[in-house]
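Structure record follows, encoded as structure tokens.
2 protein chains.
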Amino acid sequence: MKIRDLPENTLHRLVIYLGVLESLERKKIEAISSEDLAKKCGVNPAQLRKDLSYVGNLGTKGVGYSVKSLKFSLKKFLGRTEEWNLILGGLSPLGEFLLNCKEIQKEGFYFMAAFDTRGENIGKVINGVSVYNLDQLTYVTKAIRVDMAIITSEDKPEEYFEAFVNQKIKAILNLSAVPMFVEDPGVKIENFYFPMALTKLSFFLKNSF
Amino acid sequence: MKIRDLPENTLHRLVIYLGVLESLERKKIEAISSEDLAKKCGVNPAQLRKDLSYVGNLGTKGVGYSVKSLKFSLKKFLGRTEEWNLILGGLSPLGEFLLNCKEIQKEGFYFMAAFDTRGENIGKVINGVSVYNLDQLTYVTKAIRVDMAIITSEDKPEEYFEAFVNQKIKAILNLSAVPMFVEDPGVKIENFYFPMALTKLSFFLKNSF
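Protein chains in written order, with my numbering: chain A, 1 to 209; chain B, 1001 to 1209.
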């Protein structure tokens, strides 16, 4: 199996393991058994061990995992020891929130530029990030390396999506109300929208009595 | 199979279908073939038909799906024809953003109260929603029906999580940096954190050359 063919659900769990390990590290916990780690991650120990076998960090029998070492292995495996350049599409309230979000930058994701199509927003500078007209996308991506794009447009997210895909941006986090996909396996799209996440909860509540 | 045992991946796709159908409706599109709908939803037609068989709306041969009718069937199936009461835990910038977010309310999710533990925030009113001390949770949940909670605390998300679970809140969207789980199958947790979504993209980019 090529690593890029890692099952989506496995990737999802590896990302969760990383988040849990980071929180353990903040609490100065140095080692954890696979049973305890599995419980904190919402999986059983067999699943945890199987998933971590992709990463190649197998822990030590009787001691469990070193939090710091497993966190580092996971970060490296997930491409998180590198720095990534982001652009943003659509200066909505969510877009402004993200440009000001310390957590994203702290994790090695750097906004290099934002794009909008409304004249009154072009030229604004938000937390050090300049807002360009979407029609300047080609110009901007020639000047700076762009790894990922985040779509936060409320009124026409498809316009940003199309522009970013045409510009050969290969990784897009779409936070708009419209889920979007491409057939090209060389492009990765993550769709997330707050009301959609809440819809999974409403389905559960409707059927839980 | 009980409906509540619907596979998580199927639920995820049904929520996406709903988002795509809502966007088609906004564009005044009245009918769509299962092939075109599947493409827009990033699945193949067989998968779409199989997923929609849970919902019981099978379309009409040669005509495809009525956008309005399928959207309504999905909304009903997913519990989205009802209204749901939310509380918020942690008055972070993300928390304030969500309290002011029109999209969430428009979709039938209503914030009834927010909670914090820092004295300077207690008593604030944000977009009509009062901020209470977390130790008043029992009092507030006696006065109003609470269906779901959203955790947006940056400094101690676990404290809100524990309080909400102890208060028998059955559906929690955790937007903090710390993924959280319960063993009780009567409680549903959704974990989402922006840097985690970006980590799925960084993994992809690291392995796509």
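C-beta atoms are modelled at their ideal positions from N, C-alpha and C, and glycine is treated no differently.
When the distance is taken between beta carbons, is residue j closer than 7 Å to residue i?
i, j, result
"Y139(A)", "F115(A)", "no"
"L1078(B)", "T117(A)", "no"
"K1071(B)", "L1006(B)", "no"
"L137(A)", "Q167(A)", "yes"
"M112(A)", "I150(A)", "no"
"L18(A)", "V67(A)", "no"
"E1103(B)", "A197(A)", "no"
"F164(A)", "F1097(B)", "no"
Relative to the C-alpha of residue i, which residue among the options is closest?
i, options, result
"K170(A)", "V146(A), K61(A) and E35(A)", "V146(A)"
"K27(A)", "G1186(B), N1207(B) and E1158(B)", "E1158(B)"
"M1180(B)", "G89(A), H12(A), C41(A) and L11(A)", "C41(A)"
"N1174(B)", "G1186(B), A1163(B), F1164(B) and T1152(B)", "T1152(B)"
"K1124(B)", "G1095(B), Q1167(B) and G1062(B)", "G1095(B)"
"F109(A)", "F97(A), M148(A) and N127(A)", "M148(A)"
"L1052(B)", "L1014(B), L1098(B) and V1067(B)", "L1014(B)"
"L201(A)", "L1048(B), W1084(B), V1043(B) and N1009(B)", "W1084(B)"
"K234(A)", "D1155(B), M1196(B) and D1184(B)", "No statement about residue 234(A) is possible, as the shown extent of chain A runs from 1 to 209 and does not include it."
"Y1160(B)", "T1141(B), K1188(B) and L1134(B)", "L1134(B)"
"D1155(B)", "P1093(B), K1142(B) and R1049(B)", "P1093(B)"
"V182(A)", "V1043(B), G1119(B), P1195(B) and G1059(B)", "V1043(B)"
"K1050(B)", "G1062(B), N1009(B) and L1086(B)", "N1009(B)"
"K1188(B)", "H12(A), C101(A) and L205(A)", "L205(A)"
Any heavy atom of the ligand FAD inside 6 Å of the beta-carbon of residue i?
i, result
"R145(A)", "This structure does not include the ligand FAD; it has no bound ligands of any sort."
Please return the same chain residues whose Cβ sits closer than 7 Å to the Cβ of residue i, not counting the five positions on each side in sequence.
i, result
"A177(A)", "Y193"
"G1064(B)", "A1031, I1032, S1033 and S1034"
"N121(A)", "L91 and V131"
"T1099(B)", "The sequence given here has Leu at residue 1099(B), not Thr. So the list reads L1088, F1111, A1114, I1126, N1127 and V1129, once near-sequence residues are dropped."
"L48(A)", "S34, L37, A38 and C41"
"I16(A)", "C41"
"G1059(B)", "S1034 and Y1065"
Taking C-beta pairs closer than 7 Å, name the residues in chain B that residue i reaches, listed in chain order.
i, result
"F203(A)", "L1011, L1078 and G1079"
"A171(A)", "L1201, F1204 and L1205"
For residue i, go through chain B and note every residue whose CB falls closer than 9 Å to its CB, in chain order.
i, result
"M148(A)", "L1198, L1201, S1202 and L1205"
"G186(A)", "S1208"
Which chain A residues are close to residue i, counting only those with a beta carbon under 8 Å from its beta carbon?
i, result
"E1082(B)", "S202 and K206"
"V1129(B)", "Within 8 Å Cβ-Cβ: nothing; V1129(B) doesn't reach chain A, min ~16 Å."
"N1100(B)", "P93"
"A1177(B)", "G19, E22, S23 and E103"
"L1016(B)", "The displayed chain sequence assigns Ile, not Leu, to residue 1016(B). Near I1016(B) (Cβ distances below 8 Å), the residues of chain A are P179, N191 and M196."
Anything in chain A within Cβ reach of residue i, meaning under 9 Å, just list it in chain order.
i, result
"A1163(B)", "The premise fails here: A1163(B) is roughly 18 Å from chain A at the closest Cβ pair, so nothing lies under 9 Å."
"I1151(B)", "Here the premise fails: no neighbours, minimum Cβ distance about 12 Å."
Leaving out five residues on either side along the sequence, give the residues of the same chain with a beta carbon under 8 Å from the beta carbon of residue i.
i, result
"F203(A)", "none"
"E107(A)", "R80"
"G1186(B)", "K1170"
"I1029(B)", "V1067"
"P195(A)", "A177"
Give the residues of chain A in contact with residue i, contact being defined as C-beta atoms less than 7 Å apart.
i, result
"G1042(B)", "F181"
"E1107(B)", "P195"
"E1190(B)", "A197, K200 and L201"
"V1067(B)", "By Cβ distance, chain A contributes nothing, its closest Cβ being about 14 Å from V1067(B), past 7 Å."
Near residue i, which residues of its chain fall below 6 Å by C-beta distance, leaving aside the five closest residues on each side in sequence?
i, result
"K75(A)", "T81"
"S1069(B)", "none"
"M1001(B)", "The predicted position of M1001(B) is uncertain, since its pLDDT is 44 and thus under 50; a value taken from the coordinates is nonetheless stated next. None."
"S1208(B)", "none"
"P45(A)", "S34, E35 and A38"
"T1141(B)", "Q1167"
Given that residue i touches chain B, what residues does it touch there, using C-beta distances under 8 Å?
i, result
"F97(A)", "P1093, L1094 and F1097"
Examine chain C for any beta-carbon lying closer than 7 Å to the beta-carbon of residue i, and answer yes or no.
i, result
"E1162(B)", "Here the protein chains are A and B, and chain C is not one of them."
Selection of the segment 1050–1062 of chain B by Cβ proximity to chain A, strictly under 9 Å:
none
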